[in-house]
Amino acid sequence: MKRIRSVFVLVFVAAAVLLSTATAQVTIGILSPLTGGAAGTGQAQKEGFELALKEINAAGGVLGKPLKLIYADTQANPKVAVAAFEKLMTEDNVQFIGGGYSSGVTLALVESFKTFQPLVSWIGGAVSGVGIDNFQGIEELLGNEPWFFHVHPWDYQNTEASTQFIADSGVKTVALLHEDSAFGGPGSQAAQKLLEDAGLNVVLNEAFKSTLFGGTGDFRAAISKAAATKADMLYWIGYDSDVVPMISQIRELNYTPQQIFGAPPGWPSDFAKAPEAQCVTGLIGFMPNLPTPEAMAFTKSFEAMFDKAPDNYMSALAYAQLWSYADSINKAGTTDQAAVIKAMESLTFKSPMGPWKFHDSQITHHQGFGADMWLVFQYQNGVRQIVWPTAKATAPLQSCQASR
Amino acid sequence: MRRALPDVLWTLALAIVAALAPTLLKAGFDQASVSYLSLASNAMSLGILALSWDLLARTGQLSLAHAAFYGAGAYAAAVLANATGVPIVLALPLGGLVAGLLALGLGSVTLRLKGIYFAIATLAFTEVLKAVVQELPTGLAGGAAGLNVPPLFRPHFVPGQMQRWEIAFQRNEAYFYVYAALLVLTIAVSIVVQRTRLRAAFTAVRTNEAVAAVMGVRPARAKLLAFVLSSALVGMLGALEAMRLGSVIPDGTFAISTTVFALVTPIFGGLYTTLGPILGAGVLSAVEETLKRTFAEGYLIGYGVVLVASILFMPRGLVGLATRLRRRRGGSGTPAAGDAEGPA
Amino acid sequence: MDPTLVLQGLVSGVLAAGLYALVSVGLALAIGVIGVINFAHGEFFMIGAFLAYQLFVSFGFDPLLSLIFVAPALFVIGAIVYRSTIRYVLEAPELNQMLLTFGLSIIFQNLALLIWGGDPRSISGVPYRSIGVQLGGISIGLVPLGSFVISLVLVLALYVGLARTRLGRAMRAVAQNRVGASLVGLEVDRIYLVAFALSALLAGIGGVMIAVIQSPTPTVGFAFTLKAFAIVVLAGLGNIRGILWASLAVAVSESMVATLVPNGDALRNAVFFAIIFIVLVGRAWRRA
């Protein structure tokens, strides 16, 4: 009896071993904030990943097997993120890390990343540290690591795009309002410098408290000060949840600059139909109506899968990130890190934003999207038209004073 | 000092378990021990947070300023760790010192506030301190961007002789011991409070200040002592976590959630006891991690349900439940270590 | 400094007091009558905000019209929450109530995350939002003015209701002396139920207003709740009319600092909580 049982066990173990080698599939660990205050971003990333995963596996998977994703929720909390990353490394034994958001989380992960040195492709955490004294940002801390790839543009690239648009828009004077946390504080200093270098006159640089960090959304004092300057443009740096109070209060206080331009990470999806949105411009990473074949295909499949438009550009970035992994590993023909890194460095990938490849930025050689990813849209009669850069525009930029 | 011996034995036993835990985890789980150590450190962090808050609560002061002292300790450590020529280890006591002094100041002015008035005043203090720290010169406190904080431990990787996960293990093991030491210190302070005349003093101040005064207790001194002890401990925790997490930033380091968990955990585990907050931290951490690993989305709903159910069915927390069960079984009849006397 | 700017700051501050009073009045009822410290009050705002959003998306209802549905819905939700949980911790220490309501707030927030997701939404058709009446260079926003009037009406109605109606007198009796109230034949549990449900209803109205001026998100209620707690305490527990004065004091101070100090708008929370802190501490020392 005992012998029979041990034979069974042996057969079972052998079968398990065989089965596991037969189905050995490439696994990518995803670190995203799926709950908590940044859950909107994490969910958007997850939707991009799910769509890419479906397409990748339909196209034959990775190294001939279906690709597998393991999500690990960071809650946008540094402590949780470190344990979640370690679990991916030591319990799930993943070799590849994707996802990525929040600079605080990324800073906490630096030591752990450097310890395990998996291949990390990281979407966000845009705080490069470049240009801020006494502070080491993510590009400064990780930019020289051969295994670190960064997908989202850095803060200075965001500012570069904004500045370029403002200069192109024809305004002369700019009133700058910024939220006062780690995003808008250093961001506004960099923006002011670049704008002045471009010959523009920054007549005001004033802080406000974002609704994301305990503010109750009253920006009237800052807007009143901006209105008093009569600047041609109101340029504001804040978060998604600041859009509605900011724009409606600009209207309420009867401030009518030529341009109202904002650079939050995202925009409320149904704001386009709001009357106060008319003529407001915004910086954005991806637009569902971008008139390129890649964008149209992505938007169509996304809508088919989730029954809504890919309004949050984090979905498009996540989609691009996962495809870059799949293509690189398939090209390398192995999961060997050095080979995959080489493939990632040399390949051009498809993405909803068009073809892209990892290239040089200020420090790293592995920067995914640059300033040229950014688009500027303008709400025009209930539709978000792309107005900048001109090559991708779907409509010309209008002045707010003309449209009144 | 009645029954001091069992306390010392328990604490000693805990210290021994903590001392052996990393080795045992490594033997049992191999590389998976790395993340288990982090989770254990996170749980101990919650335990220190909870027990230090409970110390203050024993005097009836319902503080919503725990995040302020955590943050003050973290920032003090960050500033020191960035200064050249100072041993970084000093950041821990400095964090405790700064937080303790701050508590002495806050405690002195809020002495006469009670109940929710005290709670809201301490909450307001947290918000004001956060704003002040953010407005400090950027050369000192980094302003909105915050400060990098160098790590307390950075083990060296020797290629060929060890695997990568073993460095992570070494680092996590080192942090684990510091957390354990801080936890043991917090427990020791709590036990001293529970086993000396301080306990009667704290309880009297909580239940009835007039009676306390008649008993010869000076309420102001008892309250201030509790405030300083509680805050110094959580200040050291803040300092430790700043070094482990690599940065401080006003909105994250002074997050109200720190305060909320500091008060939720002892209630869940059992207020005014040594065991309760520790047990509460362990169980809540385990529940959250288990739910997280079982359900990908919406797992926090289950966490909320556990909290709601716990208070409905265990109004005196885990420790109260244990005592109730033991009494029902007709056990020894003596209350559990640390005693589960209900809040007045 | 430009005098128009200062005057605008003053006007904005006075009007902003309306929103503060609006979000505080329901909490004042919960704390004042039932003595329950409800950490989940902000989730009633959030639910109210999302319901207004959903009614707009599904049926095109204007938020003002939504009030007719949202307010009773929140009353029912409040009643259910009371019957299923709150009533069991009334006798318990306030800390137990905090743990319970914190658990409830986690449940509601994460349910909302599952239902509506974490991305900010917006009600896209509010004809009166973004409109300011211009008077000699000063702008008076219709929405702030509206919430000012609504909060004034609600606070006075609640004040009169508590003083004059039978239910109101019963509530006050229960608030003052629970045992005594039950001795004279008042159904304490029913009265608490109504008071708690009313508090949720008032939060629902605040939530609809929040949905007008901001984007509904699962965590939208938090900042308002924090400030509402402070205002209720500043007014003094059980002092319903005091809500108006407390709101006015903090809102005007906030707005004036925001206007007069460079980068002042970022200091709003600091000013708000500094006032709360100084007043509470000052009051305690003066009384002694």
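Residue numbers (our numbering), protein chains in the order written: chain A, 1 to 404; chain B, 1001 to 1344; chain C, 2001 to 2288.
Cβ atoms here follow ideal geometry from the backbone N, Cα and C, with glycine treated the same way.
Item	Value
Could you work out which residue in 104(A), 175(A), 273(A) and 143(A) is closest to residue 258(A) when comparing CA atoms only?	175(A)
Quick test of your reading: residue 1099(B) and residue 1069(B), contact by CB under 8 angstroms. State the CB separation rounded to the nearest angstrom.	4 angstroms
Pull up the distance between the alpha-carbon of residue 393(A) and that of residue 279(A), whole angstroms please.	15 angstroms
For residue 363(A) and residue 400(A), what's the separation of their Cα atoms in angstroms?	39 angstroms
Could you work out which residue in 241(A), 214(A) and 81(A) is closest to residue 271(A) when comparing CA atoms only?	241(A)
Roughly how many angstroms lie between the CA atoms of residue 1110(B) and residue 382(A), to the nearest whole one?	54 angstroms
What residues are listed by DSSP as bridge partners for residue 65(A)?	62(A)
Less than 9 angstroms between CB atoms is the rule here; does residue 1166(B) satisfy it with respect to chain C?	no
Thinking C-alpha only, which one of 318(A), 166(A), 159(A) and 108(A) is nearest residue 138(A)?	108(A)
Taking C-beta pairs closer than 8 angstroms, name the residues in chain B that residue 71(A) reaches, listed in chain order.	1296
What is the residue span of the alpha helix (DSSP H) that residue 353(A) lies within?	Taken as a continuous stretch (DSSP letters only), residue 353(A) belongs to no alpha helix (DSSP H), as it is neither H nor E.
Using C-beta distances below 7 angstroms, list every residue in its chain close to residue 2162(C), excluding the 5 sequence neighbours before and after it, in chain order.	2168, 2171, 2172 and 2240
Among the residues of its own chain, which have a CB less than 6 angstroms from the CB of residue 209(A), if the five just before and after it don't count?	215
Along the chain, which unbroken stretches of the alpha helix (DSSP H) at least 4 residues long are found entirely within the stretch 104–181 of chain A?	138–142 and 155–169
Would you please verify whether the beta carbon of residue 2215(C) is less than 9 angstroms from any beta carbon of chain A?	yes
Mark residue 79(A) as exposed unless 16 or more other C-beta atoms lie within 10 angstroms of its C-beta, in which case mark it buried.	buried
Using a Cβ-Cβ cutoff of 7 angstroms, what residues of the stretch 1025–1054 of chain B are near chain A? List them in chain order.	1031, 1032, 1034, 1035, 1038, 1039 and 1042
Are any of the Cβ atoms in chain C nearer than 9 angstroms to that of residue 220(A)?	yes
Short of 8 angstroms Cβ to Cβ, which residues in the stretch 1135–1152 of chain B face chain A?	1138, 1139, 1142, 1143, 1144, 1145, 1146, 1147, 1148 and 1151
By Cβ distance, which residues of its chain are closer than 7 angstroms to residue 268(A), with the 5 residues on each side in sequence left out?	240, 243 and 244
Got a sec: is the Cβ-Cβ distance from residue 2194(C) to anything in chain B below 9 angstroms?	no
If you drop the 5 nearest sequence neighbours on each side, which residues of the same chain put their C-beta closer than 6 angstroms to that of residue 1306(B)?	1287
May I have a chain-ordered list of the beta strand (DSSP E) segments no shorter than 3 residues that lie completely inside the stretch 276–362 of chain A?	280–284
Could you check the C-alpha separation between residue 229(A) and residue 206(A) for me, to the nearest Å?	12 angstroms
Measure the Cβ-Cβ separation of residue 2229(C) and residue 2082(C) and say whether it is below 9 angstroms.	no
Is residue 1248(B) helix, strand or coil when you go by DSSP?	strand
List the whole-angstrom C-beta distance separating residue 1144(B) from residue 185(A), where the pair is believed to meet the contact cut-off of C-beta under 8 angstroms.	3 angstroms
Quick one: using the 10 Å Cβ neighbour count with 16 as the cut-off for buried, is residue 247(A) buried or exposed?	buried
Evaluate residue 1130(B) with the Cβ neighbour count: other Cβ atoms within 10 Å of its Cβ, from every protein chain shown; 16 or more gives buried, anything less gives exposed.	buried
I want to verify the contact list: residues of chain A whose CB lies under 7 angstroms from the CB of residue 2113(C), in sequence order.	35 and 39
Once you ignore the five residues that flank residue 190(A) on each side, which residues in its own chain have a CB closer than 8 angstroms to its CB?	131, 155, 156 and 159
Using a Cβ-Cβ cutoff of less than 7 angstroms, which residues in the same chain neighbour residue 99(A) once the five nearest sequence positions on both sides are dropped?	30, 31, 32, 45 and 123
Give the DSSP bridge partners of residue 2115(C), in chain order.	Its beta-bridge partners do not exist; DSSP assigns none.
Could one say the Cβ of residue 1227(B) lies closer than 9 angstroms to chain C's Cβ atoms, at least one of them?	no
Whose CA, out of 1122(B), 1080(B), 1206(B) and 1264(B), lies closest to the CA of residue 1139(B)?	1080(B)
Below 8 angstroms, can you find three or more Cβ-Cβ pairs linking the stretch 275–289 of chain A to the stretch 363–381 of chain A?	yes
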